[in-house]
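**Student:** Here it is, the structure, as structure tokens.
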Amino acid sequence: AQKVTQAQTEISVVEKEDVTLDCVYETRDTTYYLFWYKQPPSGELVFLIRRNSFDEQNEISGRYSWNFQKSTSSFNFTITASQVVDSAVYFCALSEAGGKAAGNKLTFGGGTRVLVKP
Amino acid sequence: GAGVSQSPSNKVTEKGKDVELRCDPISGHTALYWYRQRLGQGLEFLIYFQGNSAPDKSGLPSDRFSAERTGESVSTLTIQRTQQEDSAVYLCASSLYSHNEQFFGPGTRLTVL
């Protein structure tokens with residue numbers, strides 16, 4: 031069974047600090063996909079990144095970067111030089127390619143609330 | 133272009149009543165998903181549609197919950213004889229094909245009194 035764990039429930043930082051969100055996953059599939067979503071106070075989930083299990087290259091997008099390590103089953107997310115607008119709940123999610131009926135149901139972690147203070 | 137839309141945005145109902153929640157996915161998206169988010173928690177998968185078929189209903193919590201999709205477009209999630217534990221935000225998502233990124237709607241906040 032697939033499982034995603036986000037051990038940090040809440041992180042509070044001061045603006046311009048870097049913040050790293052941890053995500054550890056469990057799956058028996060060799061082919062799977064990992065995602066990060068942002069849920070700002072407005073409530074709507076915003077897609078940030080999708081990574082397949084065969085692509086271990088780290089990725090950077092502006093102030094966001096992701097570190098995928100299959101050896102430790104982790105897909106961590108770093109926000110560099112945080113801003114107040116980064117305040118949100120961030121969810122890590124997993125889908126297995128060989129899942130039921132070859133669908134793509136997402137299994138979410140519990141989320142990490144990030145609070146960036148000015 | 134238009135994103136995923138859901139209606140109503142809020143629904144307050146009395147215990148025992150039936151409710152219907154609607155989702156309009158992004159045009160052309162073949163896959164559609166329903167999730168539930170209880171207060172302060174992560175999202176729980178409910179059901180997945182590919183076209184108008186539902187190959188995966190494994191997340192529906194009881195037989196009071198059902199969903200359908202028509203015209204490979206609109207989907208309706210129905211909860212019969214609502215209970216207080218059904219109170220949550222119900223989120224719909226769509227993706228171009230299965231395994232692509234899912235785009236979420238704003239959700240319907242359901243409160244069962």
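Protein chains in written order, with this note's numbering: chain A, 31 to 148; chain B, 133 to 245. Backbone N, C-alpha and C define an ideal beta-carbon position, used for all residues, glycine too.
#1: Which class does Glu47 (chain A) belong to by DSSP, given the choice of helix, strand or coil?
#2: Gln173 (chain B) versus chain A: which residues are under 7 angstroms apart at the beta carbon?
#3: List, from N- to C-terminal side, the beta strand (DSSP E) runs of 3 residues or more that fit wholly inside the region 107-141 of chain A.
#4: Measuring only the C-alpha atoms, how far is Lys147 (chain A) from Thr39 (chain A)?
#5: Spatial neighbours of Asp156 (chain B) within its chain, please: CB distance less than 6 angstroms, with the 5 preceding and 5 following residues excluded, ordered by chain position.
#6: How big is the Cα-Cα spacing for Gln329 (chain B) and Val244 (chain B)?
#7: Kindly indicate the opening and closing residues of the beta strand (DSSP E) around Cys224 (chain B).
#8: If you draw a straight line from the C-alpha of Asn82 (chain A) to the C-alpha of Ser42 (chain A), how long is it?
#9: What is the residue span of the beta strand (DSSP E) that Asn88 (chain A) lies within?
#10: Could you give the first and the last residue of the continuous beta strand (DSSP E) run that contains Ala163 (chain B)?
#11: Would you verify that the beta carbon of Asp188 (chain B) is, or is not, closer than 9 angstroms to some beta carbon of chain A?
#12: Can Thr35 (chain A) and Val49 (chain A) be called in contact, C-beta distance under 9 angstroms?
#13: Report the neighbours of Leu136 (chain A) on chain B: residues whose CB is nearer than 9 angstroms to its CB, in chain order.
#14: How many angstroms separate the CA atom of Gly142 (chain B) from the CA atom of Asn106 (chain A)?
#15: Measure the Cβ-Cβ separation of Ala220 (chain B) and Arg170 (chain B) and say whether it is below 9 angstroms.
#16: Based on DSSP bridge pairs, tell me the residues matched to Leu64 (chain A).
**Tutor:** Inspection of the coordinates gives the following:
#1: Along the first sequence, read from residue 1 onward, the residue named residue 47 (chain A) stands at position 17. Secondary structure at Glu47 (chain A): coil, using DSSP grouped into helix, strand and coil.
#2: Walking along the second sequence from the start, residue 173 (chain B) turns up at place 41. For a Cβ distance threshold of 7 angstroms, residue set Gly140 of chain A lies close to Gln173 (chain B), ordered along the chain.
#3: Whole beta strand (DSSP E) segments, 3+ residues: 118-126.
#4: Counted from its first residue, the first sequence places residue 147 (chain A) at position 117. Counted from its first residue, the first sequence places residue 39 (chain A) at position 9. Taking the Cα positions, Lys147 (chain A) is about 17 angstroms away from Thr39 (chain A).
#5: Counting from one through the second sequence, the residue named residue 156 (chain B) turns up at place 24. Within the same chain, Cβ atoms closer than 6 angstroms to the Cβ of Asp156 (chain B) are found at Ser137 and Val206, the five residues on either side in sequence being excluded.
#6: For residue 329 (chain B) there is no data in the structure shown, the boundaries of chain B being 133 and 245.
#7: Start at 1 with the first residue of the second sequence, and residue 224 (chain B) comes out as number 92. For Cys224 (chain B), the uninterrupted beta strand (DSSP E) segment begins and ends at Ala220 to Ser227.
#8: As a working mapping, residue 82 (chain A) is identified with position 52 in the first sequence. As a working mapping, residue 42 (chain A) is identified with position 12 in the first sequence. Whole-angstrom Cα-Cα distance: 30 angstroms.
#9: Against the first sequence, residue 88 (chain A) aligns to sequence position 58. Looking at the DSSP string, Asn88 (chain A) is not in any beta strand (DSSP E), and its letter there is neither H nor E.
#10: In the second sequence, the residue the question calls residue 163 (chain B) occupies position 31. Residues Ala163 to Gln169.
#11: Locating residue 188 (chain B) in the second sequence gives position 56, where the first residue counts as 1. For Asp188 (chain B), at least one C-beta of chain A is nearer than 9 angstroms to its own C-beta.
#12: Working through the first sequence from its first residue, we reach residue 35 (chain A) at position 5. Working through the first sequence from its first residue, we reach residue 49 (chain A) at position 19. Taking 9 angstroms as the Cβ cut-off, Thr35 (chain A) and Val49 (chain A) do not qualify as a contacting pair.
#13: Taking the first sequence and counting its residues from 1, one reaches residue 136 (chain A) at position 106. What Leu136 (chain A) touches in chain B, judged by beta-carbon distance under 9 angstroms, is Tyr165, Tyr167, Leu175, Phe177, Ala225 and Gln234, going in chain order.
#14: Looking up residue 142 (chain B) in the second sequence gives position 10. Looking up residue 106 (chain A) in the first sequence gives position 76. As written in the sequence, residue 142 (chain B) is Asn, which differs from the Gly given in the question. Answer to the nearest angstrom: the Cα atoms are 34 angstroms apart.
#15: Indexing the second sequence from 1 puts residue 220 (chain B) at position 88. Indexing the second sequence from 1 puts residue 170 (chain B) at position 38. Yes.
#16: Residue numbering aside, residue 64 (chain A) sits at position 34 when the first sequence is read from its first letter. Answer by DSSP bridge pairing, in chain order: A:Arg81 and A:Leu124.
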